[in-house]
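Worksheet: the structure to be examined is printed underneath.
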Amino acid sequence: MARDDSTDGEAVTGRLLILEYEQVKEEQRARIGFRDNLLYATLASMAAIVTLCLQGHGRPQLLLLLPPASALLGWAYLVNDEKISAIGRYVREDLGPRLGTLAPVRPPVFGWERAHRDDGRRISRKRFQLAADLLLFTVAPIAALIVYWTSEPVRAVLLAVSVAEVALIGVLAAQIVLYADLRRP
489 MARDDSTDGE AVTGRLLILE YEQVKEEQRA RIGFRDNLLY ATLASMAAIV
539 TLCLQGHGRP QLLLLLPPAS ALLGWAYLVN DEKISAIGRY VREDLGPRLG
589 TLAPVRPPVF GWERAHRDDG RRISRKRFQL AADLLLFTVA PIAALIVYWT
639 SEPVRAVLLA VSVAEVALIG VLAAQIVLYA DLRRP
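Residue numbers (our numbering): 489 to 673.
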């Protein structure tokens with residue numbers, strides 16, 4: 489009985505691509521869980537800092553801890569969110585089409601990867617997510633700085649720190665907007 493080496497090679501390639509798909513989807517799931525937990529970690533850190541400030545009996549300078557905590561957690565959130573999107577893009581644009589050439593069936597391989605992006609309300613959801621991300625990671629720390637600036641005579645060194653924090657939060661805000669993915673699919 490003659491073997492068809494090209495069919496065997498395609499079967500091996502197909503299995504490898506499915507294995508790769510399973511691995512990247514597992515990484516995507518793990519990153520989604522981590523990213524979503526960063527929201528809770530950010531809220532918890534903000535609550536802890538505000539509580540510390542309130543219990544500090546007139547020490548509003550403790551609010552200066554909030555911008556770096558928000559920036560650190562916001563950057564981790566943004567990096568994970570971008571990797572989640574990159575995995576989806578890789579599956580849609582690279583992995584799916586390669587597997588599709590081995591199994592030319594209809595509908596296309598990994599159709600969900602495209603279908604969920606075709607929802608007519610996707611752009612409005614992405615805008616609301618952008619607003620929520622900006623509120624949590626940039627507006628809240630700027631509000632903390634405003635409270636600090638208006639609560640007592642500000643010392644020069646802490647004013648310089650707070651101005652640097654504004655710049656840090658500004659950079660984070662710009663990155664959040666740049667990575668918002670508001671374009672049509």
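Quick reminder that beta carbons are idealized off the backbone N, C-alpha and C, glycines included.
Open item on the list: If you follow the alpha helix (DSSP H) that L624 is in, where does it begin and where does it stop?
Closed with: Careful: L624 lies outside any alpha helix (DSSP H) and carries neither H nor E.
Open item on the list: My output table needs one value for P556: the three-state DSSP class, helix, strand or coil.
Closed with: DSSP places P556 in the helix class (H, G or I) of the three-state scheme.
Open item on the list: So, at 7 Å on beta carbons, what are the nonlocal neighbours of K614 in its own chain, with the 5 sequence-adjacent residues on each side left out?
Closed with: The answer, listed in chain order, is A668, D669, L670.
Task: Identity of the residue in A632, V635, V627, L646 nearest A662 by Cα - done: For A662, the nearest C-alpha among the options comes from V627.
- [ ] Just mark N568 as buried or exposed, buried being the case when its beta carbon has 16 or more other beta carbons within 10 Å.
- [x] Counting of Cβ neighbours within 10 angstroms places N568 among the buried residues, the total reaching 16 or more.
TODO: Please go through the same chain and pick out, in chain order, the residues whose beta-carbon is closer than 8 Å to the beta-carbon of P556, but skip the five residues on each side of it.
DONE: Its chain contains E653, L656 as the residues whose beta carbon lies nearer than 8 Å to that of P556, once the 5 sequence neighbours on both sides are disregarded; these appear in chain order.
TODO: Work out the CA separation of E508 and Q585 for me, nearest whole Å.
DONE: Looking at the sequence shown, residue 585 is not Gln but Pro. Answer to the nearest angstrom: the Cα atoms are 13 Å apart.
Open item on the list: Less than 9 Å between the beta carbons of L587 and L660, yes or no?
Closed with: Not in contact: L587 and L660 (Cβ atoms no closer than 9 Å).
- [ ] Could you check which residue in W637, V635, T530, E640 has the C-alpha nearest to that of L561?
- [x] Selected option, being the one with the closest Cα: T530.
TODO: Return helix, strand or coil for P629, following the three-state DSSP convention.
DONE: Helix.
Task: Local conformation of L583 per DSSP, three classes - done: The answer is helix: DSSP assigns L583 an H, G or I state.
TODO: Would you mind working out which of V665, E601, E498 sits nearest A620, comparing C-alpha positions?
DONE: Among V665, E601, E498, the Cα nearest to that of A620 is on V665.
Task: Distance between A564 and L618 (C-alpha atoms, nearest Å) - done: Cα atoms of L618 and A564: separation of roughly 16 Å, rounded to the nearest angstrom.
Open item on the list: Please return the same chain residues whose Cβ sits closer than 7 Å to the Cβ of C541, not counting the five positions on each side in sequence.
Closed with: Here the set comprises R547, P548, L550, L551.
Open item on the list: So, with DSSP's three-state summary, where would you put V642?
Closed with: Here V642 sits in coil by DSSP.
Task: Rounded straight-line distance, which links the Cα of A644 to that of A632 - done: In this model, A632 and A644 are separated by some 18 Å (Cα to Cα).
Task: DSSP-derived helix/strand/coil call for F522 - done: Reduced to three states, the DSSP call for F522 is helix.
- [ ] Tell me whether the beta-carbon of L590 lies closer than 9 Å to the beta-carbon of L505.
- [x] Yes; because the gap between Cβ atoms is below 9 Å, this pair is in contact.
- [ ] To the nearest angstrom, report how far apart P629 and F522 are at their CA atoms.
- [x] If I take the Cα positions, the gap works out to 22 Å.
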